[in-house]
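Going by the working numbering, the letters in the sequence shown line up with residues 78 to 385, in that order. The next block holds one structure in the form of structure tokens; read it before the comments.
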Amino acid sequence: MDVLAVIVVNVMLPIFSLIAVGAFLHRKFAFDMKTLSKLNTYLLIPAVCFANVYQSEMKGDTLFLILSFLVIQNICLMIVSAGMAKAARFENRLASTFKNSVVLSNNGNFGIPISQLVFQHNPLGLTVQIIVMIFQNLLTFTYGLFNAVSAEKKGFHAIGLFLKNPVIYAFLLAVILQAFAITIPNYLWTPIENIANAFLAIALITLGAQSAFIKIYRFSKPLILSLIGRLIISPCIGLIVILMLYLEGTIAQALFIASAFPTSRNSSIFALEYGNHPEYAAQTVLVSTVFSMVTVTSVVYLAKIFFP
78 MDVLAVIVVN VMLPIFSLIA VGAFLHRKFA FDMKTLSKLN TYLLIPAVCF ANVYQSEMKG
138 DTLFLILSFL VIQNICLMIV SAGMAKAARF ENRLASTFKN SVVLSNNGNF GIPISQLVFQ
198 HNPLGLTVQI IVMIFQNLLT FTYGLFNAVS AEKKGFHAIG LFLKNPVIYA FLLAVILQAF
258 AITIPNYLWT PIENIANAFL AIALITLGAQ SAFIKIYRFS KPLILSLIGR LIISPCIGLI
318 VILMLYLEGT IAQALFIASA FPTSRNSSIF ALEYGNHPEY AAQTVLVSTV FSMVTVTSVV
378 YLAKIFFP
């Protein structure tokens with residue numbers, strides 16, 4: 078229990094303190110959310126990605142195992158969420174949002190800050206999380222977007238949207254520089270490192286601001302099933318796949334933790350854009366983030382026990 082208390086105090090409390098600060102400040106001063114979103118997407122996340130991938134050492138077979146885990150786990154989640162939606166007899170638009178709420182997770186402005194704190198002395202752990210985030214971005218703008226607009230048969234610009242994300246190019250540049258052992262001069266590395274260090278606070282304040290005005294009137298059946306699918310079933314599937322692939326150590330810890338993150342805000346954005354029960358989607362993002370304080374803490378604790 079001492080380890081669990083340390084995780085709560087040193088990891089989860091700082092995370093949710095900053096989220097609360099973001100919610101309070103947004104309610105008081107009304108932040109420009111588009112500016113915050115662009116700051117995170119086009120500057121802070123690419124800087125974090127570049128700095129950590131450049132500093133880490135990962136072999137090709139390790140990357141293959143990580144990608145194998147992600148493909149297997151997410152296919153399982155797609156099948157399970159589709160089965161749950163069918164069993165609950167959700168109509169098409171509700172089923173679309175429900176499936177996205179289970180499959181798409183917040184590996185950006187929630188997952189990376191948590192990984193930064195959990196693996197603060199181990200760059201490999203955060204590098205794994207960055208790969209998960211890139212994979213989730215691809216999944217979001219393919220499966221997630223196609224799923225959201227499937228009834229209207231739109232969304233074939235998804236790959237284009239994915240390729241506009243600068244984190245992809247930050248990742249590739251870091252891999253190339255590391256592969257050829259190219260040293261970055263201090264006058265360039267220092268601002269990159271400073272920007273990367275700023276990500277943790279700004280990303281969590283942004284997440285808090287996004288949640289500031291969401292209201293929960295009742296825990297509906299779709300909301301409860303989304304929480305079960307995203308926060309309980311997903312890490313359970315993740316653990317099974319980890320054991321199946323014989324993963325261990327830092328990689329197993331990072332993937333297990335990543336499988337437990339709450340619902341992605343993109344699922345709410347898609348629901349709003351295409352009229353697929355946007356209020357329910359927004360509630361799922363907020364409530365899964367709040368409940369993840371308990372579930373993610375538990376998974377971090379179990380990850381350190383199962384994969385020392």
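Note that the Cβ used here is the ideal one computed from N, Cα and C, for glycine as well.
Pairing A289 with L113, the inter-Cα distance amounts to about 14 Å. According to the DSSP assignment, H103 belongs to the alpha helix (DSSP H) that extends over 90-106. Per the coordinates, the alpha-carbon of L102 lies some 43 Å from the alpha-carbon of L320. Around the CB of V371, fewer than 16 other CB atoms lie within 10 Å, so the residue is classed as exposed. Here A358 has T174, S344, S345, A348 as same chain residues with Cβ atoms under 6 Å from its own Cβ, once five neighbours each way along the sequence are excluded. Just measuring C-alpha positions, the residue of L147, I279, V195, W266 sitting nearest P312 is L147. Annotation note: the stretch 277-346 contains no uninterrupted beta strand (DSSP E) run of length 3 or greater. Residue burial annotation: Q197 is exposed, with fewer than 16 other C-beta atoms found within 10 angstroms of its C-beta. Comparing alpha carbon positions, the residue from N214, L332, I84, L201 closest to V318 is L332.
In the three-state reduction of the DSSP assignment, S182 falls in the strand class, which pools E and B. In the assembly as shown, P299 is a buried residue. Its beta-carbon has 16 or more other beta-carbons within 10 Å.
The three-state reading of DSSP puts Q360 in helix, counting H, G and I together.
Close CB contacts of A286 within its chain, under the 6 Å cut and outside five residues either way in sequence, are with G99, H103, F108 (chain order). In the DSSP annotation of this structure, the continuous segment of the alpha helix (DSSP H) that includes K111 starts and ends at 110-116. Of N186, S375, V226, the smallest CA-CA separation from L171 is found for V226. DSSP places N214 within a helical segment (H, G or I) once states are collapsed to three. Under the DSSP assignment, N353 falls outside any alpha helix (DSSP H); it carries neither an H nor an E label.
By the Cβ test, the stretch 334-341 is in contact with the stretch 361-377, since at least three Cβ pairs between them sit closer than 8 Å. If you ignore the 5 residues before and after V362, its C-beta comes within less than 6 Å of the C-beta of T340, R342, S345, all in its own chain and listed in chain order. Using a Cβ distance threshold of 8 Å, V130 and F248 count as a contacting pair.
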